[in-house]
Structures are given as structure tokens and as C-alpha cells.
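First up is the structure itself, then whatever we jot down about it.
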Amino acid sequence: MIGSNKKSRLAWITNLFCPARKIDLRRESVCKRTNPVKFSNPSWLPGAARVAFYHASALTSTLASPSTPIRIRHRALCQNRASCLTFRPLRAHASDNPWFHDVAQERDMRSLPSPELQVVQLEDLPEQWRRSKIAWLCKELPSYKHSTFVRILNAQRKWIRQEDATYVAVHCMRIRENEASFRVYKWMSQQHWFRFDLALATKLADYLGKDRKFAKCREIFDAIVNQGRVPSESTFHILTVAYLSAPVEGCLHEACGIYNKMIQLGGYRPRLSLHNSLFRAIVSQPNGKVKHYLRQAEFIFHNIITCDLEVHQDIYSGLIWLHSYQDTIDTERIAALRKEMKIAGFKESTDVLISITRAYSKEGNVEETENTWLKLLQGDCSIPPKAFVYRMDLYARVGEPMKSLEIFDTMKKQNIPVSSAAYLKIIEVMSKAEEIEFAEAIFEEYIGTGMKHLMPAYEDLISMYFSLGLDDKLVTTFYQCLTKCSPNRRIYNIYLESLVRVGNLEKAEDVFNEMHSNGTIGSSARSCNVILEGYLASRDCVKAEKIYDIMRLKKYELKAELLEKLQEVISLNRKIVKRKISMKLNNEQREILVGLLLGGVRIESDEERRNHAIFFEFDQNSKVHSSLKVHIHERFYEWLTSSSRSTDDDKVLNQFCTVAHSYFGFFADQFWLNGRPMIPKLIHRWLSARVLAYWYMFGGLRISSGDILLKLKGGGCGGTERIIKSLQARSLECRTKRKGRVFWIGFQGANADRFWELTEPYILATVKSHLDPGGCVSVNGEEEVEFNTLESESDID
């Protein structure tokens, strides 16, 4: 219930903005009143009256200082020219957005200077009809979607000017309709009368950035730079924070780029809160990726020092932690950081000591590692189990594996939780030391614990058996591994090499063919060289030549000694020189590419659109993408650039691309026209089961209810409808919802099961548990959503 005092205020404000007759607030002009009003916070109003207040208040002012009330006369809204409205302007700042929770960050964003925006007021316009039309646009435009929005603006081309459009854009910002303001600005920029306005662009970019619309904010930022202007400090700051607030792959890289431009291009001195926020985001990255940000972290540290700002203890700790994860340890830099910490009066925390232990154990420095270990023992906190793992690694590096075993036993005697990392490390150490009894005993103990990360342990055991020539144990362990783990190319390569070594070429041929045909495993340069060596040893010229042709087609590197044997075996009189194999995609590669393009893979073309390159980008936090990227890397190996190729599955990049080639012109014309994704008119001919499977693996989502969602970028409603009709022809009923520029195609209930039955034969074995509608594991690291609750702009059933 509303109190009597609030009731009277509500009745008064309703009468102010709404006449006695019933008024549709979106269709009628705002009411005519003469009494001055002063509000600072209309939050006590219900929704409709509050909307009316926002529209009326915004229409009567410009973006003025948030602390000073403004008194403006408004002829378009008031019949009596002496009447006015007095109010405090609305503010859209960081506190309204839960992503900007850092108090210092919020305070800095409010205090950053920006160009003053001058807006012509309606009362200064001499034409009554112009004032009425602008007021109507201000009221109507925010409620429309993009297509209608643009049509309405296009209908005003005969009379609208830049000052009029600027007023509408500013009004939309004042009522916090920043998306609408951006659309108005975008439309303005395409008109012949448009003159770039730095103040307007800055204000809009700042508002969009505070709303976490980093893509639109970046678009305006780039427009400012393209005009030869330097964005304001506030735009740099807010855009960097917007990138840091977005849980999207690649945003940290973009945030670092904007931060660097802020200093190098703008010549600004960022606030301490921005330094700290960016540094905190860097050290929050996963261990495998964070080591690439060392130079950026050092740059941030350098800027804090040169700006004479306070260096927090976490900065020193984070830098030492980053250095400890590098492949090559800079011990001098670590020593310098420790010295600076001591001068600043900071004690070395447990985390710092652990980082130092990790760094010196990689270097094989026993003295420094043991000194750090003594400090850990003297500390008040319990020693983390990973410190024991680093010491085990240290003594393995210096050739004392039994000392590592002693440390492992100490963990168990002191009732310290033995983690999976500790078991795997000691199994690795014992296997490399060829201590069979200890390695097998610890491995059996590890199996008994029920821990699931078994593949590295199997790899170490099989490698040990191969080195010792224990082929029978190797075969037994290999098949045991297949029953407990998903197929693995490294395991298969060792097994294949063992078969070739013992002369079992028939079995080796079967294993190689399984690898080559099984998309989950795949062949590689190593497996081809191994089987080729076996054929050459047995003088099987025909099969050897077939393997050689496969290697030439996939552009695998042939060992020099094998080339000499191949020349000798095949023919003593002719050189092995064949015509160059023309680059051509096979049927499987074409279908895979169609599925990936539907899921969001992009194509880049040269200026003349003659050569095109495919860019593959995978989410490092997705278990499905982790397996899929290795498979795609193997399937398109011959097309990849030299920098994208990797002979180690663990080192396959999350982003790689093909060479620019004219063969991709068909896909560029059909799926990526004028730099934008689109859906071909003949898509119904290409939606095979394999295409749907790869679309599902790359851009799909299986939610907890068992429903399947497919993400579709670009193409619009027309392209989406063509896909729906093609799916319905396969008896797959689906629903489609639109969220921004992305369409979500959903299969629910029995339709999800039918979709799975259709695509399962082409789904990689390692990811089936994550994609099966009957499973219980969430997919792709995506935020869990329900299809029915997706915010949609349109439904297509």
C-alpha cells in the first residue's frame, strides 16, 4: 500500500504528466502544467509515472552538471510560456552497473574530465513544427526496434538537421536509452550533412562504456581516432574498464591495447585504480595463458613507478608469480623484486614463497629452493601441497629421483592431502628414472584413489615400457588405458612405434588406419614417419609410396634418412620428384568448414577479394573446444600457415588460420559477404549430419534440461528461416530466438533426442559426454541458461 503522503504526491505527479482523461504515455504528448516542480529522486513513483517523469525531465534539459538544479522553459511541453520545470539531471554512472563494483574505479570515472557538450534547446528553435517533431521523436524512438527505428529516421530526412539529431541522441542518453542514442548517432554519421562532434562522440562512448557495451563504445572510440582526434581520458579509462568487466574471450587483450594507447597515443597518466584493475585481471588468468602477459604486467608496474603512485604488495607478489610461470626464469629480476619488497616494508607472504619455490625448482637451484622451504616451515600458515610437488620436481631435475620419492612419502606420513598433481609428478619421476616397481605401485595406488586425471600417468608408464623394451606390458597398459580414458594420439603413436619395432606390420597398419580415419585421434607427421619406416624396412614399395603421398598432401615433414631409403627402395634409377599437388579440400573438410562457418568462424579477404583466409578461434575455457581445436588443426594441417602449425597436441594454439587462398572464394561469397556473415540461399543443400555435428560442437550448447541450442551469427531473419525449413524437412522441429545480432535455434525434448541421433556418429568421442542431451555435464563453459528465458527481440516458430 502507498502511504497517504505518497498517494497525494502520486496523484499530483500523475495529473502533472497525464490529463484527467486516460492517456497512452507513448502516444500522447506530455501534459500541460504551470506549477514549478523540483525532484531529485523520483524512485517513489510507480513505473508508468516514473517513465513519464523521465521523458518530461529529459526533454527539458541538456547534459548539465549533476550537482546543479536546472530551470528551463519548454514551449513544446507547456502551453504557458512562463511555466517551467526544475529538476536535477539524471546520472548514468558506474554505480548503476553491478559490474563496476570497485569504489575507487567508480570515483575515478566520475572525476575524469571530458569535452563539454553544447546542445541547442527546443525553446531556442523558432519553428513550432520543428519543436513538435523533435519532441515526438524523443518520445517515440526509444520504444522501437532497429528496423522500425531506422525507417522512422529515414522519413525525417527532408527536414532534420545535425542539431536536431544531436538533441534526440542526447535525450536518449538522459533517459538511459543508450542503445537508442547509439542508433541515432550511427544514422547521423551516414548523412551527407554530418559533421563530426567530438563532445557528442565522447559523451556517448562514455555512457555506452559504463553500460558495459564495449563493442559499441569501441566503435565510437575508433571513429574518434579515424578522425585524427585523440579520445578523452575518460573514454580511454571507461573503455578499458568495460573490457575488463566483460567475461568474453579476448577482452583482456583489447583492454591491454587500450591501456597502452592511453599512455602512448593520448599521453595520459592513468589513475591508480586503472593500473590495479588491469594488473588484477592479468594475474587472474589461467596458468597456461598468464605467462604471455609478463611484459604487459611489467609495463603496468613501470607506469605506476614513473607516475609516483603507491605500489601495493599484491603488485610485487603478482610479478614474482608471473615470472615463476615463465619457461625461462629470470632469477635476477625476481631477486630485484624481492629486494624492492623488502625496502618497501612488505613481508614475503606464503604465496610469494611458493612462487619463489616454483621458480628456483625449474632452474634446478637446490640451495635457494631449500632456503625458501625453511622459510615456509617457519611461517604460521600450513604448507600447501604444491610446494612438495615443486621440491619433487627439483630433485628429479638434478638427478635424485629417490629424494623425490622420499618427499612424496613424507606427505603421506604427515597426513598432508596428496593431490592428483603430486601423484602424477611422482609417477612421472619414477617412470623417467625407470624405477618399474615404484612406478607401478604408486600408479595402482593412484587408480585406487578414484581420481579421474589418468591419461598423463598412462603416458608415462607406456613411455617407460617402450624405453625398456617391455612390449607385452606396453600392450596390456595400452588396452587398459582405452577402457578408462578417451583415445589419445600420443598413446597411439607409442603403441604404433612398438608394433613397428617388433615387426608386427599387419597390426601396425590396422592401428594407423584407425588413427587416420578416427577424427578423435587423427594421424600426424610422427605416425606417418613411423609406419613409413616399417614399410621401407619390409621393402613394401606400394604401401610406402601411398604413405609418402599422404605426407605430401598433408605437408608433413619427412625425415631425411627415410627419404634416402625411400629413393633406394622405390627405384634406383629415378628420383622421387612428383608434380606439385594442387591444394583442394576434400568432402569431409568442406562439410566441416560449413558447420564451423555457421557456428561463427570468420573469413578475411584481401582488397580485391581474390584470396581468402579462414580464422579459427576456440574458447580456452571450453572442454569441447579443447578437443575440437586439436581435431581441426589435424584435419586442416596442410592449409595452415607455418606459424599456426604445431607437432605437439598440447601446444596447439587457441587461434590459428589458414593461408590466404583463392579456393576459399566460394565460402567467402556464400557465407561472408562484404565483411559480414550471411546465410546462403542454398543452405538447405548443405545441411548434412556432419555439418550439423560440427556446428553443434563449435557453436552449440547443451543446457541442464537436456535442450540443445545452436548459435547462429548473421544472416538475419530470412537466413534463419531457410535453416528452420531445412531442419523441419528432416523432422526436426525447433524454436528460434534472437538476442542482439545472434540467433539461438533450440531443440527441446524429443526433438533434441532426434538431433542427437542424427549427429552423434560425427561427434568426437572425447566430447560426447558433454553434448549428449541425456548427460549431466554443462557445455562449453557457457553461462547456464534456459531457452525459454532468453531475452529475445523476435520469435520465429
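Going by our numbering, the sequence shown opens with residue 284, and the numbers climb by one from there. Backbone N, C-alpha and C define an ideal beta-carbon position, used for all residues, glycine too.
Alpha carbon of K994 to alpha carbon of P960, nearest angstrom: 13 Å
Inter-residue CB distance, M738 and V712 (contact presumed, cutoff 8 Å): M738 to V712, Cβ: 17 Å. No contact.
Close Cβ partners of C590 (< 6 Å) along its chain, the five nearest in sequence each way excluded: R552
DSSP state of Q661 mapped onto helix, strand, coil: helix
CB contact flag (W470, L436, <8 Å): yes
For I503, the first and last residue of its enclosing alpha helix (DSSP H): 497-509
Residue from E789, F432, Y775 whose Cα sits closest to the Cα of M798: Y775
First and last residue of the uninterrupted alpha helix (DSSP H) at T924: Element bounds for T924: n/a, residue is neither H nor E.
Nonlocal neighbours in the same chain, by C-beta distance under 7 Å from N771, ignoring five residues either side: M738
Member of V467, C455, R1005, L400 whose CA lies at the smallest distance from the CA of T431: V467
As assigned by DSSP and simplified to three states, the class of V1025: strand
Cβ contact check for the stretch 961-975 and the stretch 917-935: 3 or more pairs under 8 Å: no
Extent of the continuous alpha helix (DSSP H) to which H916 belongs: 906-918
Status (buried if at least 16 other CB within 10 Å, exposed otherwise) for K1020: buried
Own chain partners of V794 with C-beta closer than 8 Å, once the 5 adjacent residues on each side are dropped: Y775, Y778, L779, L782
With 16 other Cβ atoms within 10 Å as the buried cut-off, status of L846: exposed
Cβ-based neighbour list, Q763, same chain, cut-off 7 Å, excluding 5 preceding and 5 following: none
Assumed close pair G549, E516 - CB separation to whole angstroms, cut-off 8 Å: 7 Å
Bridge-paired residues (DSSP) for I886: I897
Spatial distance of Y831 from L815 (CA atoms): 7 Å
Burial state of T1083 (16 or more Cβ within 10 Å): Limits of the chain in this structure are 284 at one end and 1080 at the other, which puts residue 1083 out of reach.
Alpha helix (DSSP H) runs contained entirely in the stretch 615-667, provided each spans 4 or more residues: 633-646, 649-661
Endpoints, the alpha helix (DSSP H) within which I546 is located: 534-547
Residue ranges of each alpha helix (DSSP H) within the stretch 930-971, 4 or longer: 948-954, 966-969
Member of M734, Q697, G733, Y748 whose CA lies at the smallest distance from the CA of E720: Y748
Helix, strand or coil at P372 according to DSSP, with G and I counted as helix: In this prediction, P372 scores a pLDDT of 33, lower than 50, which makes its location untrustworthy; the coordinate-derived value is nonetheless stated afterwards. It is coil, neither helix nor strand.
Where L992 sits in the DSSP three-state scheme: strand
Helix, strand or coil at G983 [DSSP, three-state]: strand
Cβ-based neighbour list, R928, same chain, cut-off 7 Å, excluding 5 preceding and 5 following: Y920
Separation of I804 from V852, as counted between CA atoms: 30 Å
C1017 versus I1006 - alpha carbon distance: 10 Å
Cβ neighbours of E840 in the same chain (closer than 6 Å, five flanking residues each side left out): A808
Beta-carbon contacts of V942 that lie in its chain and below 7 Å, excluding the five residues immediately before and after: A896, W922, T924
Limits of the alpha helix (DSSP H) - the one that W412 falls within: 411-423
Alpha helix (DSSP H) segment containing R1085, residue limits: In the structure as shown, the chain starts at 284 and stops at 1080, and residue 1085 therefore has no counterpart that could be examined.
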